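Just so we're aligned, residue 0 is where the sequence shown starts under numbering that gives the first Met the number 0, counting upward by one. Glycine included, C-beta positions come from ideal geometry on N, C-alpha and C. No experiment lies behind these values; they were computed from the predicted model shown. Everything below concerns the one structure shown next.
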Amino acid sequence: MRIRTKLILAMTVPVGLLVLQIALVNVFVRELQSAVDFISEAHKVIEDDFRASEVVETMRKDIKRLPSQYVSAQTDSNGETASIRPRWSELKARIDSISASEATKTIAPETLKAVVDSFAKASEEFGLAEAAVAEKRTDMDTLLERAIFIDKALGGLSNALNTLAVELRKQLQIAVDREREIHDRPVIAGIAIGGLTVLLLLAFAWLFVDRYFVVRLTALSRSMLAIAGGNLKASLPPPVGSDEVSEMAKALTVFRDT
0 MRIRTKLILA
10 MTVPVGLLVL
20 QIALVNVFVR
30 ELQSAVDFIS
40 EAHKVIEDDF
50 RASEVVETMR
60 KDIKRLPSQY
70 VSAQTDSNGE
80 TASIRPRWSE
90 LKARIDSISA
100 SEATKTIAPE
110 TLKAVVDSFA
120 KASEEFGLAE
130 AAVAEKRTDM
140 DTLLERAIFI
150 DKALGGLSNA
160 LNTLAVELRK
170 QLQIAVDRER
180 EIHDRPVIAG
190 IAIGGLTVLL
200 LLAFAWLFVD
210 RYFVVRLTAL
220 SRSMLAIAGG
230 NLKASLPPPV
240 GSDEVSEMAK
250 ALTVFRDT
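Printed below as a string of C-alpha cells:
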C-alpha cells in the first residue's frame, strides 16, 4: 500500500471524529434550543392562564351584581352588560392565546379542550344574558337565571384554567430540569471528541510518522551513504510491504549485489 494511501486512510479517523463532533453538537444545541423555546412558551401560557383566571373572578363578581344593577338602571337598557364587555374581550384574547400555544396542545390537550368548551359555554350564556337585558320587559327571574348559568359556566372555566396551570407548571419544571441537564452537553461533547481527535493525531504522528516512516527512511539513508562510500556489505533495511520506501530498499539491494 502506498504511503499516500496510508496517510489518507489514517486521516479519515480524526476527520470522521470531527464530523461526529459537529453532528453531536448540532443535535445537543437543537435539543437545548427546543427546551429553551418550550420554557419561554410555557411561561407565556402560564401568564395568560393567570390573567384569564383573574378576569374570570372579576367577571363572576360583576355577573352576580347584574340583576340588582338591572333593576336600578334608568337609562341605557344594555348598560349593565356593557361594562362587562371589555373584560370579556380580554378574556377571549387570553383564551385564544392559550389555545394557539403548541405547548398547551402537546402537554394537556384534554384540559385545553375543557378550557375551550367552558369558555364557549360561558360565551353562550353571556350572549343570552345580553339579549335578556336588551329586552325592556325582561323579568327578574329570567335575568337571575341567566346570571346563575353564567356564573356556573365561569366557575367551570376557572377550574379548567387552574387544572391547566398545574399541568403547565409541572411540565415547566421538568423542562427546566432538562435544560439544566443538557445545558453543558454541547461543550462537553466538543471537548471530549476534540480531545480524542488531538490524541489520535498525536498518536498517529508518533507511531506512524516517527516510529515507522522516519525510522525506515533514516536507516535507508544510512545504508545508501555507506554503499556510496564503498561499503558494499552494508546492511539494508528489510522491505516492509510494497510502499515507496520498500521499493527503494529493493532497488538499492539490486544495485549493491550487481
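Quick one: what does DSSP say residue i is sitting in, helix, strand or coil?
i       : result
Gly-228 : coil
Asp-242 : coil
Ser-234 : coil
Arg-64  : coil
Thr-74  : Low per-residue confidence applies at Thr-74: pLDDT is 40, beneath 50, and the placement is therefore not dependable, though the value from the model is reported in the following sentence. Thr-74 falls in the coil class under three-state DSSP.
Pro-13  : helix
What's the gap between the Cα of residue i and the Cα of residue j?
i       : j       : result
Leu-160 : Ile-173 : 20 Å
Pro-237 : Ala-248 : 7 Å
Thr-74  : Met-58  : Since pLDDT at Thr-74 reaches only 40, below the 50 mark, its modelled position is unreliable, and no value is offered.
Ala-92  : Gly-193 : 50 Å
Thr-4   : Leu-201 : 19 Å
Arg-255 : Tyr-211 : 24 Å
Ser-104 : Leu-163 : Checking the sequence shown, residue 104 turns out to be Lys, not Ser. C-alpha separation (whole angstroms): 11 Å.
Arg-50  : Ala-130 : 27 Å
Ile-21  : Leu-31  : 15 Å
Lys-60  : Val-114 : 20 Å
Pro-219 : Ala-250 : The residue asked about is misnamed: residue 219 is Leu in this sequence, not Pro. Whole-angstrom Cα-Cα distance: 11 Å.
Asp-242 : Met-10  : 18 Å
Ile-62  : Pro-108 : 29 Å
Leu-231 : Ala-225 : 8 Å
Ala-191 : Arg-177 : 21 Å
Ala-204 : Leu-235 : 25 Å
Asp-140 : Gly-126 : 17 Å
Ser-222 : Glu-246 : 14 Å
Glu-40  : Glu-101 : 8 Å
Arg-215 : Val-244 : 7 Å
Arg-184 : Phe-118 : 43 Å
Ala-233 : Thr-252 : 10 Å
Arg-84  : Leu-90  : 10 Å
Val-186 : Val-24  : 8 Å
His-42  : Ala-152 : 26 Å
Ile-149 : Asp-116 : 13 Å
Leu-198 : Leu-8   : 17 Å
Ile-336 : Ala-34  : Outside the displayed range of the chain (0 to 257) lies residue 336, so it cannot be described from this structure.
Starting from residue i, follow the alpha helix (DSSP H) in both directions and report where the run begins and ends.
i       : result
Trp-87  : 84 to 99
Arg-145 : 139 to 181
Leu-201 : 184 to 203
Ala-121 : 108 to 133
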